[in-house]
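One structure is given below, encoded as structure tokens.
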Amino acid sequence: MGEFPQTLAELLDIIREFVKERNWDQYNLPLNLAVSMSIEAGELLELFQWKTHEDVEEALKNEQFREELSSEIADVLVYLLRVADTAGIDPAKAVVEKMKRNREKYPIDYWEGKAPSKFNCPE
């Protein structure tokens, strides 16, 4: 592995090692992890609360904001990968399967250039 892991499997190995070293497997149950992920997602959203698109574009030029954003993204991703891991779900396979379903649900000939909404679904 180089400076940064290149695969989800490598990320999962890093996370598993961290949890094992601290004997936290006993607490890393899917429910606890999902709740924690939701809390972290809220912290991620807080970074954007009450900001306009222009405010966010400007904030993304600020190194401190980018560091906070990076940290919150990492928190959400770590918990998400742990939820998948403890539930026995391969996250890569889950994404590929979901994207197949999304391709069927949102065909290009109808949805190209349109934001999905329950109000603009074809009959």
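The opening residue of the sequence shown carries number 24 in my numbering; numbering runs sequentially from there. Don't be surprised by glycine CBs; every beta carbon is placed ideally from N, CA and C. Since this is a predicted model, take the numbers as computed values, not measurements.
About 5 Å separates the CB atoms of valine 99 and glutamate 63; that is less than 8 Å, so the two are in contact.
Straight across, the Cα-Cα distance linking aspartate 113 with lysine 84 is about 35 Å. Leu104 is the residue among Phe71, Leu92, Trp73, Leu104 whose C-alpha sits nearest the C-alpha of leucine 35. About 7 Å separates the Cβ atoms of alanine 107 and alanine 117, confirming a contact at the 8 Å cut-off.
Residue environment for tyrosine 102: buried (at least 16 other C-beta atoms within 10 angstroms of its C-beta).
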